[in-house]
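Working notes, beginning with the structure itself.
In the numbering used here, the protein residues as written are 6 to 333.
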């Protein structure tokens, strides 16, 4: 709905976002607010350190999966500003979205766009993992050079559509979560269909389906070859990176389901909090996963805190000489 700005029109819908009679001050949820804000802030610090490592260290940037992870980090960091930090501040202060509905709509549109952008990168990352294992020739063709650059630009179109041409998610302090319906006094009994964004539903269910099929394929492939010598061709590095990607994608799997379900069904407030934490986890867990599961990233982040230097990993040969080792 923000596209109206480009035509000099008001993006504010006086019916769907009618604040008449709504109290702008509601009961604050300080502990929840502190939790949301803290998780987002810490995750952003870790993410910046990880992205610096991906960007400045050639052994990482040379691999398509790390490039995808880098670009995934951009919408993740931006999303955390709204879904974690802004949400935390609103909860601490006990402010209804009607306190500043225009700001709520703009921030809601932006975080809606970055969420879908993040989903797109997650799908690309998941496909890269399965393609590299099952069809390595196809992987080298798609995830290399100009094709990879084109693929990495596609989520920007996705972001633009959901930011400017759909209804926003609005944070509600009472529910401790983002909802399509702002739940003002005038709209609380509105039919949910009035706020439905079908692209949101299609996106979330497709993400659930694609991730399930994709990683089931990987598990079946590895299980099938586990009884043969061909499993030795699947490097430890590949399995390590795949586990990292699986954890990241699983967060999106959970968040996608809960956020669609709670838009249309009444749920206890605890599930709204779980859904919101899942959303924050979608964007905030990846850097923690990378650091925990990847010793190369972890060691380089430590050096990055002092200065940016080039580190070459080496392995000991049978003759006592050192030879370069691939870093994942």
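We put the beta carbon where it would ideally sit given N, CA and C, even for glycine.
Continuous beta strand (DSSP E) stretch holding residue i: start and end
i	result
residue 177	175-177
residue 140	That residue, residue 140, is in no beta strand (DSSP E); it is neither H nor E in DSSP.
residue 148	First-last for residue 148: undefined, no H or E at that position.
residue 280	Here residue 280 belongs to no beta strand (DSSP E); instead the alpha helix (DSSP H) covers 274-298.
residue 183	182-184
Cβ distance (whole Å) where residue i is taken to contact residue j below 8 Å
i	j	result
residue 114	residue 6	7 Å
residue 227	residue 202	With a Cβ gap of about 37 Å, residue 227 and residue 202 do not count as contacting.
residue 75	residue 59	4 Å
residue 280	residue 256	Not really, about 12 Å apart at Cβ, beyond 8 Å.
residue 23	residue 189	6 Å
residue 29	residue 103	5 Å
residue 44	residue 285	5 Å
residue 108	residue 8	In fact, because the Cβ distance is near 18 Å, the residues do not count as touching under 8 Å.
Contact under 8 Å by Cβ, residue i with residue j
i	j	result
residue 93	residue 42	yes
residue 138	residue 33	no
residue 197	residue 110	no
residue 121	residue 167	yes
residue 306	residue 55	yes
residue 116	residue 96	no
residue 101	residue 178	yes
residue 165	residue 220	no
residue 288	residue 181	no
residue 187	residue 175	yes
residue 91	residue 112	yes
residue 25	residue 135	no
residue 171	residue 204	yes
residue 152	residue 143	no
Worksheet item: Which whole runs of the alpha helix (DSSP H) in the stretch 53-141 are 4 residues long or more, in chain order?
Response: With a minimum length of 4 residues, the continuous alpha helix (DSSP H) runs that stay inside the stretch 53-141 are 63-66, 69-85, 92-98, 106-139.
Discussion item. With a threshold of 8 Å, are at least 3 pairs of Cβ atoms found where one atom belongs to the stretch 41-56 and the other to the stretch 290-301?
Written reply: yes
Worksheet item: Is the stretch 15-26 touching the stretch 53-71, taking contact as three or more C-beta pairs under 8 Å?
Response: no
Worksheet item: For the stretch 199-218 against the stretch 121-133, are there 3 or more C-beta pairs whose distance is under 8 Å?
Response: At 8 Å Cβ cutoff, the stretches touch.
Practice prompt. Answer yes if the stretch 205-212 comes into contact with the stretch 253-262, meaning at least three C-beta pairs across the two stretches below 8 Å, and no otherwise.
Written response: yes
Discussion item. Runs of 4 residues minimum, wholly inside the stretch 196-222: which ones carry the alpha helix (DSSP H) assignment?
Written reply: none
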